[in-house]
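Just so you know, the sequence shown maps onto residues 53 to 411 in the working numbering. Each residue gets a CB set at the ideal place from its N, CA and C atoms; glycine is no exception. Scroll down for the structure; my scribbles are underneath it.
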Amino acid sequence: MRKLILLLTLFFSLVLITKAQVVATFQSGTIKGKITDTIASSPVGFANIVLYRVKDASLAQGAVSSPDGSFIIKKIPEGKYNIVISSVGYLKHKINNVQISADKPEINLGKIVLKPFVSKLSEVTVTSEKAAVEYFLDKKVVNVEKDIASEGGNALDVLRNVPSVTVDADNSINLRGESKVRIQVDGRPSKFSGTTLDQIPASDIESIEIISNPSAKYNPEGKSGIINIKMKKSKDDGFNGTVIVGAGTNDRYNASVNLNYKYNKVNFFLTYLTKTYGSTGLRTKNRITYGWDSINHIYEDGNFYKKNNLNNLKAGIDLYLNPNNTLTLTGQYNNAFRQNNEDINTTKKNINYIITKYY
53 MRKLILLLTL
63 FFSLVLITKA
73 QVVATFQSGT
83 IKGKITDTIA
93 SSPVGFANIV
103 LYRVKDASLA
113 QGAVSSPDGS
123 FIIKKIPEGK
133 YNIVISSVGY
143 LKHKINNVQI
153 SADKPEINLG
163 KIVLKPFVSK
173 LSEVTVTSEK
183 AAVEYFLDKK
193 VVNVEKDIAS
203 EGGNALDVLR
213 NVPSVTVDAD
223 NSINLRGESK
233 VRIQVDGRPS
243 KFSGTTLDQI
253 PASDIESIEI
263 ISNPSAKYNP
273 EGKSGIINIK
283 MKKSKDDGFN
293 GTVIVGAGTN
303 DRYNASVNLN
313 YKYNKVNFFL
323 TYLTKTYGST
333 GLRTKNRITY
343 GWDSINHIYE
353 DGNFYKKNNL
363 NNLKAGIDLY
373 LNPNNTLTLT
383 GQYNNAFRQN
393 NEDINTTKKN
403 INYIITKYY
């Protein structure tokens, strides 16, 4: 009986250890499927498949179906997603609450059937709407106006929601895990970097191009990729502007004003961004130092609060020399400061001991 109990205990321990190892080694999952239509059951090629996180509706990943209608999205972090599938001439198809986890790292959606868009109209007005993410042969384009989570923020806030781009706590930008990224503005090399992109209001950005495999025409000079930020440009004469105000938890407030006046070949612009955001957290430290004749034990715990303030003012003039050349003169003022408050409790203990040797 004792041997049986011992064998059962060893068996369940091995099962738990194996399961824990599977969870620990899980990094990303995969979603795949095939898209067809309802009439001829023929494949729908070049359809857009976009993943949105359920928790905050932010953009996570995306792909385009191949000519045979099949698609596969790899390197998806653990979590729950809503999937939106769209193609010209078909109604949008949505799949909610798709869970990627260590237990189910690979999801096969099977055959996904799209319904053709059919409507009888007396008059036809053709309008177009940009998708959140557009895929081309040499680049991926993210349309910023479709990203609600970036409203009232800056260029770094936009990049945090771009698939394949990560921004760490020090505002360093990585593209597919590589840090050697070139930043361009309107196709031209820029002085901006990860530490200065917060000076560009998100309301001034039209789209962001992600070029992960630059061709020879971009002259990447050993860079792992290019991030090209395309700024908004007014095409019509006259005065226009936008005002955005936002608020959130943890003392998060923001406001931006974007004014523009264009007359013939001259364009005047002025933008202002103010942003306040705070962060709170807990900090603990437990350190034990062993000496020859003593043990030092230091334990710290406490709360910290950080408050950041940013003000950015930019004004300038555009001179449109011809359709391919524009002369721009700009001036910019930045003011940023941080307030740190900490409440730390420290406990120190010294323990002396004697080593006795017997011969």
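request  = Tell me Phe123's beta-bridge partners as DSSP assigns them.
outcome  = Numbered from its first residue, the sequence shown carries residue 123 at position 71. DSSP output for Phe123 lists Gly85 as bridge partner(s).
task = Compare the beta carbon distance of Tyr133 and Val116 with 8 Å and say whether it is the shorter of the two.
result = Here residue 133 refers to the residue found at position 81 of the sequence shown. Here residue 116 refers to the residue found at position 64 of the sequence shown. No, the pair does not count as a contact, with Cβ atoms beyond the cut-off.
key: Own chain residues within Cβ distance below 6 Å of Asp395, not counting five before or after   = Locating residue 395 in the sequence shown gives position 343, counting from the first residue. Within the same chain, Asp395 has close Cβ partners Gly354 and Asn355.
query = DSSP state of Arg228, grouped into three classes?
reply = Reading the sequence shown from its first residue, position 176 is the one you call residue 228. Looking at Arg228 - three-state DSSP - the assignment turns out to be coil, as it is neither helix nor strand.
message = Could you give the first and the last residue of the continuous beta strand (DSSP E) run that contains Ala112?
response = By one-based count along the sequence shown, residue 112 stands at place 60. Residue range Leu111 to Val116 is occupied by the beta strand (DSSP E) that includes Ala112.
ask   = Is the region 135-151 touching the region 83-101 in the sense that three or more CB pairs, one from each, lie closer than 8 Å?
value = yes
ask   = Going straight from the alpha carbon of Ile279 to that of Leu227, what length do you get?
value = Counted from its first residue, the sequence shown places residue 279 at position 227. Counted from its first residue, the sequence shown places residue 227 at position 175. So the alpha carbons of these two residues sit roughly 9 Å apart.
task = Assuming Ile83 and Ile125 form a contact by the criterion Cβ under 8 Å, report the distance between their Cβ atoms to the nearest whole angstrom.
result = Counting from one through the sequence shown, the residue named residue 83 turns up at place 31. Counting from one through the sequence shown, the residue named residue 125 turns up at place 73. 5 Å between Cβ atoms; contact.
ask   = In three-state DSSP terms, what is Asp370?
value = Here residue 370 corresponds to residue number 318 of the sequence shown, with the count starting at 1. Of the three classes helix, strand and coil, the one that applies to Asp370 here is strand, per DSSP.
For Ala207, the first and last residue of its enclosing alpha helix (DSSP H) = Mapped onto the sequence shown, residue 207 falls at position 155. Unbroken alpha helix (DSSP H) run through Ala207: Ala207 to Arg212.
ask   = Quick one, are the C-beta atoms of Asn292 and Asn319 less than 8 Å apart?
value = To locate residue 292, count along the sequence shown from 1; it is residue 240. To locate residue 319, count along the sequence shown from 1; it is residue 267. Against a cut-off of 8 Å, the Cβ pair of Asn319 and Asn292 comes out as no contact.
Beta-carbon contacts of Lys192 that lie in its chain and below 7 Å, excluding the five residues immediately before and after = Taking the sequence shown and counting its residues from 1, the one referred to as residue 192 is at position 140. Excluding positions up to five away in sequence, the list reads Val185 and Ile262.
inquiry  = Going by DSSP in three states, Ser255 sits in which element: helix, strand or coil?
reply    = In the sequence shown, the residue the question calls residue 255 occupies position 203. Ser255 falls in the helix class under three-state DSSP.
task = Could you pull out every residue in the same chain whose Cβ sits closer than 7 Å to the Cβ of Met283, ignoring the five residues on either side in sequence?
result = Here residue 283 refers to the residue found at position 231 when the sequence shown is read from its first residue. The residues are Val237, Asp238, Asp256, Ile257 and Glu258.
inquiry  = Using a 10 Å radius around the Cβ and a threshold of 16 neighbouring Cβ atoms, would you call Asn213 buried or exposed?
reply    = Taking the first residue of the sequence shown as position 1, residue 213 is located at position 161. With 16 or more Cβ atoms within 10 Å of its Cβ, Asn213 is classed as buried.
query = Does DSSP put Leu143 in a helix, a strand or coil?
reply = For the purposes of this step, residue 143 is taken as the residue at position 91 of the sequence shown. DSSP places Leu143 in coil when its eight states are reduced to three.
ask   = What does a CB cutoff of less than 8 Å around Asp289 pick up in its chain, not counting 5 residues either side in sequence?
value = Within the sequence shown, numbered from 1, the residue matching residue 289 stands at position 237. For Asp289, where only same-chain residues beyond five positions count, the Cβ hits under 8 Å are Lys314, Tyr315 and Asn316.
key: Residues of its chain near Thr90, where Cβ-Cβ distance is below 8 Å and the 5 sequence neighbours each way are ignored   = For the purposes of this step, residue 90 is taken as residue 38 along the sequence shown, with counting starting at 1. Taken in chain order, the residues that qualify are Val165, Leu166, Lys167 and Pro168.
query = Looking only at DSSP bridge pairs, what is Lys358 linked to?
reply = The sequence position of residue 358 within the sequence shown is 306, counting from 1. Looking at the DSSP assignment, Lys358 forms a beta bridge with Ser331 and Asn392.
key: Environment of Phe123 [buried if 16+ CB atoms lie within 10 Å]   = Within the sequence shown, residue 123 is the residue found at index 71, counting from 1. Buried, by the Cβ-count rule.
query = Can you give the Cα-Cα distance for Ser153 and Asn160, rounded to whole angstroms?
reply = As a working note, residue 153 is residue 101 in the sequence shown. As a working note, residue 160 is residue 108 in the sequence shown. Here the alpha carbon of Ser153 sits roughly 14 Å from the alpha carbon of Asn160.
request  = Can you tell me which of Tyr324, Asn377 and Asn397 puts its alpha carbon nearest to the alpha carbon of Asn387?
outcome  = Position 335 of the sequence shown holds residue 387. Closest by alpha carbon: Tyr324.
task = Please check the pair Ile260 and Val219, which I expect to be a contact at CB under 8 Å, by giving their CB distance rounded to whole angstroms.
result = The residue you call residue 260 lines up with position 208 of the sequence shown. The residue you call residue 219 lines up with position 167 of the sequence shown. For Ile260 against Val219, the beta-carbon gap comes to about 13 Å, at or over 8 Å, which does not count as contact.
With 16 other Cβ atoms within 10 Å as the buried cut-off, status of Phe321 = Translated into positions along the sequence shown, residue 321 becomes position 269. Classification of Phe321: buried, given that the 10 Å Cβ count is 16 or more.
query = Nearest CA to the CA of Ile369: which residue from Gly121, Gln384 and Tyr357?
reply = As a first step, residue 369 is located in the sequence shown; it is residue number 317 there, counting from the start. Selected option, being the one with the closest Cα: Gln384.
task = Determine which residues share a DSSP beta bridge with Ser138 and list them.
result = Residue mapping note: residue 138 aligns to position 86 of the sequence shown, counting from 1. According to DSSP, which records beta bridges pairwise, Ser138 is partnered with Asn100.
query = Do Ile252 and Asn206 have their CB atoms nearer than 8 Å?
reply = As a first step, residue 252 must be located in the sequence shown, where it is residue number 200. As a first step, residue 206 must be located in the sequence shown, where it is residue number 154. Yes, the Cβ-Cβ distance between Ile252 and Asn206 is below 8 Å.
task = May I have the straight-line CA-CA distance separating Val217 from Thr378, to the nearest angstrom?
result = In the sequence shown, the residue the question calls residue 217 occupies position 165. In the sequence shown, the residue the question calls residue 378 occupies position 326. One C-alpha to the other measures close to 30 Å.
query = What is the DSSP secondary structure of Leu311, counted as helix, strand or coil?
reply = Indexing the sequence shown from 1 puts residue 311 at position 259. Here Leu311 sits in strand by DSSP.
inquiry  = Please tell me whether Asn392 and Lys358 are closer than 8 Å, where the distance is taken between their beta carbons.
reply    = As a position in the sequence shown, residue 392 is number 340, starting the count at 1. As a position in the sequence shown, residue 358 is number 306, starting the count at 1. Yes, these two residues count as a Cβ contact at 8 Å.
Nonlocal neighbours in the same chain, by C-beta distance under 6 Å from Asn45, ignoring five residues either side = Here the chain covers residues 53 to 411 and nothing more, so residue 45 does not appear.
inquiry  = Glu158 and Gly81 - do their beta-carbons sit closer together than 8 Å?
reply    = For the purposes of this step, residue 81 is taken as the residue at position 29 of the sequence shown. For the purposes of this step, residue 158 is taken as the residue at position 106 of the sequence shown. The answer is yes: Cβ separation under 8 Å.
key: Spatial distance of Thr382 from His145 (CA atoms)   = On the sequence shown, residue 382 is found 330 positions in, with the first residue counted as 1. On the sequence shown, residue 145 is found 93 positions in, with the first residue counted as 1. One C-alpha to the other measures close to 45 Å.
task = Check the C-beta distance from Gly97 over to Pro119 and give it rounded, since I have them as a contact under 8 Å.
result = On the sequence shown, position 45 is the one that residue 97 refers to. On the sequence shown, position 67 is the one that residue 119 refers to. At roughly 4 Å, the Cβ-Cβ gap stays under 8 Å, so Gly97 and Pro119 are in contact.
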